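Undergrad:
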DNA sequence: AATAAAGTTTAGGTAAATCTAAATAAATAA
DNA sequence: TTATTTATTTAGATTTACCTAAACTTTATT
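Protein chains in written order, with the UniProt record's numbering: chain A, 1 to 221; chain B, 1 to 221.
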């Protein structure tokens with residue numbers, strides 16, 4: 001496998017993420033948004049990644065990972081999620097703190113390190129946010145059936161994952177008492193702004209915005 | 001504390017090392033050698049680090065760390081050595097494999113991470129090469145009394161550290177059976193090239209070059 | 001002390017990853 | 001279908017961390 005720079009790895013990871021979220025071809029704009037950079041920068045990098053045969057890309061036609069690109073993406077995701085497990089399981093970090101740290105640790109590229117880390121952790125299958133961890137061959141369990149909260153139909157739900165890992169969101173959820181496995185009751189859905197009123201066990205009800213509800217993945221209970 | 005780039009951190013670390021080795025003022029050339037870069041690059045970086053008040057530097061006069069620079073250096077060294085402990089103690093890496101990995105891990109800058117890692121490891125005082133680990137305040141135990149093998153006078157010696165951490169050297173030592181705590185008998189010192197003939201317990205004797213013997217730190221036994 | 005050798009700095013350049021502003025293509029609306 | 005809006009690309013700069021080659025200091029040698 002080729003040697004990628006940190007910037008290249010971050011692009012690959014983001015392209016993978018956007019493809020997963022259902023984008024047929026990932027647009028320059030969407031990728032710029034995801035990476036908090038400018039479209040012009042994305043175009044530059046697209047040329048480079050195409051050169052390295054990690055993506056297919058034609059001017060104005062958007063971006064897709066090649067099989068090689070996908071393999072690279074899964075490897076980066078494996079590293080990221082294993083480090084998250086380490087931070088939570090061994091160093092007692094909480095759920096919402098680990099994403100940015102893992103974002104840095106994931107760029108230490110060593111097969112041996114990551115395989116030993118996995119072993120040390122007992123070869124975990126899912127990370128602290130509920131996402132599956134690809135194995136050394138890049139095989140990853142199907143993410144469990146889940147719906148974003150804004151689309152869920154049932155009244156009684158369980159939180160199975162959070163798709164946006166920004167500290168801001170995770171801290172907000174933490175403050176509200178929402179974490180993996182938390183059970184939620186939907187009190188009301190307000191059409192005018194798609195906000196949702198929720199209740200957890202015996203705590204007072206509270207309201208979350210559509211923006212937030214899109215990022216909370218739930219399953220009926 | 002200021003935010004340093006990886007390159008800046010590596011310079012700081014190398015300046016610290018050369019000062020420790022006794023250089024009054026660290027020369028451009030020595031630093032270039034240590035970092036495997038060119039003197040002109042060192043001059044460039046020296047200006048930047050002076051700007052940040054991490055070193056004192058005057059044209060042609062060499063480099064020294066300021067108190068701030070030293071604090072930064074000790075912090076980087078702390079991270080490096082704790083990761084080495086982690087790799088050896090928890091992931092069963094061997095002595096000679098960990099240096100380059102720690103070289104990458106050390107650049108993940110997070111007080112919290114490193115303090116938790118230290119705690120997780122039982123707040124170790126020395127790393128797998130026998131070097132002391134600075135504490136969170138940057139206080140570091142005195143390195144134990146030790147002499148480079150090429151300067152040692154006794155015949156019977158114990159290996160307490162290895163100062164050059166290049167994989168090449170560490171692998172060589174490993175192959176010869178030389179590790180921390182190994183006891184050596186000096187059979188002969190050859191003046192013409194300063195090579196040394198050694199023996200370990202009941203193994204056959206072998207010869208090492210001056211270059212190698214300079215990097216093996218020993219104490220009389 | 002004069003000169004040669006060694007060490008250091010400057011000047012000018014390169015590659016990676018960004019950016020802004022302007023140009024161009026594609027999608028949408030009138 | 002033409003015009004307008006939106007998306008994308010190009011052109012040209014910028015910053016960081018390097019580099020080489022030439023100029024300049026310092027140190028060592030004769």
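We put the beta carbon where it would ideally sit given N, CA and C, even for glycine. Since the model is a prediction, treat every value here as computed from it, not as a measurement.
1) Rounded to the nearest angstrom, what separates residue 183 of chain A and residue 177 of chain A at their Cα positions?
2) For the alpha helix (DSSP H) that contains residue 98 of chain B, what are its first and last residues?
3) Would residue 66 of chain B and residue 56 of chain B be called neighbours here (beta carbons separated by less than 8 Å)?
4) Which word fits residue 16 of chain B, buried or exposed, when buried means at least 16 other C-beta atoms lie within 10 angstroms of its C-beta?
5) Given this structure, state the Cα-to-Cα distance separating residue 163 of chain A from residue 179 of chain A, to the nearest angstrom.
6) Rounded to whole angstroms, what's the CA-CA distance from residue 75 of chain B to residue 171 of chain A? Just pull it up for me.
7) Flag residue 9 of chain B as yes if its beta-carbon sits less than 8 Å from any beta-carbon of chain A, otherwise no.
8) Can the beta-carbon of residue 121 of chain A be found closer than 8 Å to that of residue 89 of chain A?
9) Counting only beta-carbon separations shorter than 8 Å, does residue 166 of chain B have a partner in chain A?
10) Relative to the C-alpha of residue 192 of chain A, which residue among A/108, A/209, A/202 is closest?
11) Which residues in chain A have a C-beta closer than 8 Å to the C-beta of residue 116 of chain B? List them in chain order.
12) How far does the beta strand (DSSP E) with residue 88 of chain A in it reach, from first residue to last?
13) Mind checking which residues open and close the alpha helix (DSSP H) that includes residue 93 of chain A?
14) With 16 as the cutoff for other CB atoms within 10 Å, does residue 217 of chain B come out buried or exposed?
15) Note the first and the last residue of the continuous beta strand (DSSP E) segment covering residue 190 of chain A.
16) What residues in the segment 95-106 of chain A bring their beta carbon closer than 9 Å to a beta carbon of chain B?
17) Between residue 221 of chain B and residue 157 of chain B, how many whole angstroms is the CB-CB distance? I'm expecting something under 8 Å.
18) In chain B, what lies closer than 7 Å to residue 110 of chain A by C-beta?
19) Taking the alpha carbon of residue 29 of chain B as the reference point, which residue from B/40, B/154, B/21 has its own alpha carbon closest?
20) DSSP beta-bridge partners for residue 197 of chain A?
21) At the 8 Å Cβ level, is residue 54 of chain A part of the contact set with chain B, yes or no?
22) Apart from the five residues just before and just after residue 142 of chain B, which ones in its own chain have a Cβ nearer than 8 Å to its Cβ?
23) Check whether chain A comes within 8 Å of residue 113 of chain B, counting only Cβ atoms and requiring the distance to be less than that.
24) Show which residues of chain B have a CB atom less than 8 Å away from the CB atom of residue 120 of chain A.
25) Just the Cα atoms here: how many angstroms apart are residue 36 of chain B and residue 10 of chain B?
26) Which value, in whole angstroms, describes the spacing of the CA atoms of residue 219 of chain B and residue 102 of chain A?
27) Bridge partners for residue 126 of chain B per DSSP, in chain order?
28) Out of curiosity, what's the CA-to-CA distance linking residue 159 of chain B and residue 153 of chain B?
29) With a CB to CB cut of under 8 Å and the five nearest residues on each side skipped, what residues in its chain are close to residue 38 of chain A?
30) Rounded to a whole number of angstroms, what is the C-alpha to C-alpha distance between residue 91 of chain B and residue 189 of chain B?
31) According to DSSP, which residues form a beta bridge with residue 157 of chain A?
32) May I ask you to list the residues that DSSP assigns as paired with residue 55 of chain B?
33) Is it buried or exposed, residue 204 of chain B, if we count other Cβ atoms within 10 angstroms and call 16 or more buried?
34) I'd like the list of long-range same chain contacts for residue 138 of chain A, defined as Cβ closer than 6 Å, with 5 residues on each side in sequence excluded.
35) Which of the three DSSP states, helix, strand or coil, is assigned to residue 37 of chain B?
TA: Based on what the coordinates show:
1) Reading the first chain from its first residue, position 183 is the one you call residue 183 of chain A. Reading the first chain from its first residue, position 177 is the one you call residue 177 of chain A. The straight-line gap from Cα to Cα measures roughly 10 Å.
2) Here residue 98 of chain B corresponds to residue number 98 of the second chain, with the count starting at 1. Counting along the chain, the alpha helix (DSSP H) containing residue 98 of chain B begins and ends at 98-105.
3) Position 66 of the second chain, counted from the first residue, corresponds to residue 66 of chain B. Position 56 of the second chain, counted from the first residue, corresponds to residue 56 of chain B. Yes. Within cutoff.
4) For the purposes of this step, residue 16 of chain B is taken as residue 16 along the second chain, with counting starting at 1. Residue 16 of chain B should be labelled buried.
5) Working through the first chain from its first residue, we reach residue 163 of chain A at position 163. Working through the first chain from its first residue, we reach residue 179 of chain A at position 179. Roughly 12 Å between the two C-alpha positions.
6) In the second chain, the residue the question calls residue 75 of chain B occupies position 75. In the first chain, the residue the question calls residue 171 of chain A occupies position 171. Cα to Cα, residue 75 of chain B sits roughly 28 Å from residue 171 of chain A.
7) For the purposes of this step, residue 9 of chain B is taken as the residue at position 9 of the second chain. No, because no Cβ of chain A sits closer than 8 Å to the Cβ of residue 9 of chain B.
8) The sequence position of residue 121 of chain A within the first chain is 121, counting from 1. The sequence position of residue 89 of chain A within the first chain is 89, counting from 1. Taking the C-beta atoms as reference points, residue 89 of chain A is found nearer than 8 Å to residue 121 of chain A.
9) Numbered from 1 along the second chain, position 166 holds the residue referred to as residue 166 of chain B. With a threshold of 8 Å between beta carbons, residue 166 of chain B makes no contact with chain A.
10) Here residue 192 of chain A refers to the residue found at position 192 when the first chain is read from its first residue. Taking residue 192 of chain A as reference, the option from A/108, A/209, A/202 with the minimal CA-CA separation is A/209.
11) The sequence position of residue 116 of chain B within the second chain is 116, counting from 1. Under a criterion of Cβ atoms nearer than 8 Å, the residues of chain A adjacent to residue 116 of chain B are, in order, 91, 92, 93.
12) For this step, residue 88 of chain A is matched to residue 88 along the first chain. Segment: none, residue 88 of chain A is in no beta strand (DSSP E) and carries neither H nor E.
13) Residue numbering aside, residue 93 of chain A sits at position 93 when the first chain is read from its first letter. Counting along the chain, residue 93 of chain A falls outside any alpha helix (DSSP H), and DSSP gives it neither H nor E.
14) The residue you call residue 217 of chain B lines up with position 217 of the second chain. Burial call: buried.
15) Taking the first chain and counting its residues from 1, one reaches residue 190 of chain A at position 190. Counted as a single uninterrupted DSSP element, the beta strand (DSSP E) harbouring residue 190 of chain A occupies residues 183-190.
16) For the segment 95-106 of chain A, the set of residues with a beta-carbon nearer than 9 Å to any beta-carbon of chain B comprises 97, 100, 101, 104, 105, in chain order.
17) Within the second chain, the letter at position 221 stands for residue 221 of chain B. Within the second chain, the letter at position 157 stands for residue 157 of chain B. In this structure residue 221 of chain B touches residue 157 of chain B by the C-beta definition: roughly 6 Å separates them, less than 8 Å.
18) Residue mapping note: residue 110 of chain A aligns to position 110 of the first chain, counting from 1. Here the neighbours are 101.
19) On the second chain, residue 29 of chain B is found 29 positions in, with the first residue counted as 1. Checking every option, the nearest Cα to that of residue 29 of chain B belongs to B/40.
20) Here residue 197 of chain A corresponds to residue number 197 of the first chain, with the count starting at 1. According to DSSP, residue pairing for residue 197 of chain A in a beta bridge involves A/188, A/207.
21) Locating residue 54 of chain A in the first chain gives position 54, counting from the first residue. Answer no: the Cβ-Cβ gap between residue 54 of chain A and chain B never drops below 8 Å.
22) By 1-based counting over the second chain, the position of residue 142 of chain B is 142. Contacts found: 132.
23) Reading the second chain from its first residue, position 113 is the one you call residue 113 of chain B. At a cut-off of 8 Å between beta carbons, residue 113 of chain B contacts chain A.
24) As a working note, residue 120 of chain A is residue 120 in the first chain. Scanning chain B for C-beta atoms nearer than 8 Å to the C-beta of residue 120 of chain A yields 90, 91, reported in chain order.
25) Here residue 36 of chain B refers to the residue found at position 36 of the second chain. Here residue 10 of chain B refers to the residue found at position 10 of the second chain. Taking the straight line joining both Cα atoms gives about 11 Å.
26) Within the second chain, residue 219 of chain B is the residue found at index 219, counting from 1. Within the first chain, residue 102 of chain A is the residue found at index 102, counting from 1. In a straight line, the C-alpha of residue 219 of chain B is about 41 Å away from that of residue 102 of chain A.
27) As a first step, residue 126 of chain B is located in the second chain; it is residue number 126 there, counting from the start. As computed with DSSP, residue 126 of chain B is found in a beta bridge with B/132.
28) The residue labelled residue 159 of chain B in the question sits at position 159 within the second chain. The residue labelled residue 153 of chain B in the question sits at position 153 within the second chain. Cα-Cα distance, rounded: 14 Å.
29) In the first chain, the residue the question calls residue 38 of chain A occupies position 38. So the list reads 32, once near-sequence residues are dropped.
30) Counted from its first residue, the second chain places residue 91 of chain B at position 91. Counted from its first residue, the second chain places residue 189 of chain B at position 189. Computed Cα separation, rounded: 39 Å.
31) Start at 1 with the first residue of the first chain, and residue 157 of chain A comes out as number 157. By DSSP's assignment, residue 157 of chain A forms a beta bridge with A/184, A/220.
32) The residue labelled residue 55 of chain B in the question sits at position 55 within the second chain. Paired residues: B/65.
33) Residue 204 of chain B sits at position 204 when you count from the first residue of the second chain. With fewer than 16 Cβ atoms within 10 Å of its Cβ, residue 204 of chain B is classed as exposed.
34) The residue you call residue 138 of chain A lines up with position 138 of the first chain. 71, 74.
35) As a first step, residue 37 of chain B must be located in the second chain, where it is residue number 37. Looking at residue 37 of chain B - three-state DSSP - the assignment turns out to be coil, as it is neither helix nor strand.
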